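Residue numbers (my numbering), protein chains in the order written: chain A, 497 to 634; chain B, 497 to 634; chain C, 497 to 634.
Every residue gets a Cβ at the ideal spot worked out from N, C-alpha and C, and that includes glycine.
Source: prediction; values computed, not measured.
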Amino acid sequence: MIRTEEIEIDMQADGDTADITSEVQRIIENSKISNGIAVIFMLGSTGAVSTMEYEPGLKRDIKAAFERIAPSDIHYEHHKTWHDDNGRSHIRATFIGPSVVVPFINKKLTLGTWQQIIAINLDTRPRRRRIVVQIIGE
Amino acid sequence: MIRTEEIEIDMQADGDTADITSEVQRIIENSKISNGIAVIFMLGSTGAVSTMEYEPGLKRDIKAAFERIAPSDIHYEHHKTWHDDNGRSHIRATFIGPSVVVPFINKKLTLGTWQQIIAINLDTRPRRRRIVVQIIGE
Amino acid sequence: MIRTEEIEIDMQADGDTADITSEVQRIIENSKISNGIAVIFMLGSTGAVSTMEYEPGLKRDIKAAFERIAPSDIHYEHHKTWHDDNGRSHIRATFIGPSVVVPFINKKLTLGTWQQIIAINLDTRPRRRRIVVQIIGE
């Protein structure tokens with residue numbers, strides 16, 4: 497059995513994170529599927545998904561970490577292609593990746609106590625991000 | 497229902513990227529599955545998969561970014577184990593990861609407009625890379 | 497068909513890696529599923545999973561690489577929130593990600609010859625890590 501839904505969320509620029517755990521959990525509860533996987537997939541090449549302890553300190557720390565792996569003050573060839581300014585956004589998004597898969601048992605996600613599913617907007621401007629959530633199981 | 501196929505692709509060294517979206521889409525179209533997930537899995541420990549806007553500028557930018565997270569001019573213990581030269585390749589591949597999962601609905605991948613599925617060869621020499629594509633759904 | 501099991505493993509601190517391939521393979525063999533995917537999911541926000549050639553040199557190289565993307569000697573806001581010391585652990589875990597998905601055919605994981613499934617403990621102290629393994633297929 498398969499159920500597909502979409503989450504939409506307004507996000508700030510340059511590494512803003514949002515906790516989408518309760519939305520994913522609600523999609524599982526509204527389905528007829530008890531055991532299986534939730535596939536969380538970020539639409540677009542300047543966003544990503546992962547898990548994190550969702551607290552204000554780490555929300556700031558992760559933005560600083562993104563600056564180290566793809567700094568904002570260096571040259572990107574991408575800017576020449578499109579006269580765009582978000583080369584760093586694309587690199588950061590590809591590194592984190594667009595998908596995360598979380599099992600659930602008896603309709604409950606198998607997350608750690610301080611582990612939340614997060615969406616990340618890496619674009620250089622605020623974006624309404626769309627995340628596909630697909631539930632597969634029995 | 498499950499269908500498994502394999503893509504083979506000749507790639508250049510040290511962070512070469514290839515757009516495999518149309519191959520994955522074709523495997524879905526040739527299957528009897530309408531809704532589900534495409535699991536894309538890179539065989540081997542010096543390759544990886546993710547998504548990216550596939551354009552020449554970013555193809556160069558991502559190679560520069562790999563140099564920052566695992567530089568080519570530092571020492572790797574891996575070289576002592578096998579008298580090999582691709583320590584950086586392994587580290588970069590483990591960081592990106594070997595798998596990405598993309599949902600599809602009515603036989604169409606739920607990708608963003610400028611978001612392609614990419615294979616990445618991180619080895620220090622050109623390689624024919626093999627990517628397993630498994631379609632699961634109904 | 498779905499089967500869910502859990503692996504528990506004692507791990508050292510700060511980037512210790514463990515090869516869990518044989519445990520995942522055993523779960524597949526003990527199931528009635530011949531073809532499908534193994535979803536490997538790390539419980540907790542200071543651990544991660546990926547694949548790697550599991551050899552002593554790379555085990556050391558990856559710890560050095562983690563120091564570059566989230567150094568241990570810089571300030572983390574996370575420490576102010578909880579008077580904790582593992583800000584770097586969280587950042588490294590979010591970057592690698594909690595899930596990897598590996599297809600299997602005729603009960604055999606489709607891994608490369610030198611490619612193992614690894615668990616990574618990124619916390620600043622030794623931990624007993626729990627990894628959910630869910631097998632989905634037919």
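Do you know offhand how far residue i's Cα is from residue j's?
i	j	result
B:Ala566	B:Lys528	42 Å
A:Gln521	A:Ile592	22 Å
A:Ile613	A:Leu605	10 Å
A:Asn602	C:Thr500	11 Å
C:Ala544	A:Asp569	30 Å
B:Arg556	A:Asn526	44 Å
A:Ser518	C:Ala615	26 Å
B:Ser585	C:Thr577	36 Å
B:Gly508	B:Arg623	With the sequence shown as reference, residue 508 of chain B is identified as Gln, and Gly is not the correct amino acid for it. Going by the C-alpha atoms only, they are around 7 Å apart.
A:Glu634	A:Tyr550	30 Å
A:Thr590	C:Asp581	28 Å
C:Ala560	B:Arg564	13 Å
Do you know whose CA, among the options, lies nearest residue i's CA?
i	options	result
C:Gln630	A:Phe562, A:Arg624, A:Pro599 and A:Arg499	A:Pro599
A:Trp610	A:Ser530, A:Asn531 and A:Met548	A:Met548
C:Asn531	C:Arg624, C:Arg623, C:Pro594 and C:Ile498	C:Ile498
C:Glu502	A:Gly633, A:Arg623 and A:Leu607	A:Leu607
B:Phe562	B:Asp581, B:Arg588 and B:Asp580	B:Arg588
A:Ser546	A:Gly553, A:Ile558 and A:Pro552	A:Ile558
B:Ile536	B:Arg623, B:Gly633 and B:Ser595	B:Ser595
A:Gly511	A:Ile632, A:Glu634, A:Arg625 and A:Gly633	A:Arg625
A:His571	A:Tyr550, A:Arg564 and A:Gly583	A:Gly583
Look at the Cβ atom of residue i, then the Cβ atom of residue j, and state whether they are nearer than 8 Å.
i	j	result
A:Ala514	A:Ile524	no
B:His574	C:Gly553	yes
A:Val597	A:Ile533	yes
C:Ile632	A:Ile516	no
Going by the C-beta, is residue i closer than 7 Å to any heavy atom of the ligand SAH?
i	result
C:Val598	The ligand SAH is not part of the structure shown, which contains no ligands of any sort.
Open item on the list: Can you confirm whether the segment 540 to 555 of chain A touches the segment 613 to 629 of chain A when touching is taken to mean that 3 or more C-beta pairs between the two stretches lie within less than 8 Å?
Closed with: yes
- [ ] Could you pull out every unbroken alpha helix (DSSP H) segment of at least 4 residues lying fully inside the segment 509 to 587 of chain A, listed in chain order?
- [x] 517 to 526, 552 to 565 and 574 to 578
Task: Complete beta strand (DSSP E) runs within the segment 582 to 629 of chain C (minimum length 3 residues, chain order) - done: 595 to 601 and 612 to 617
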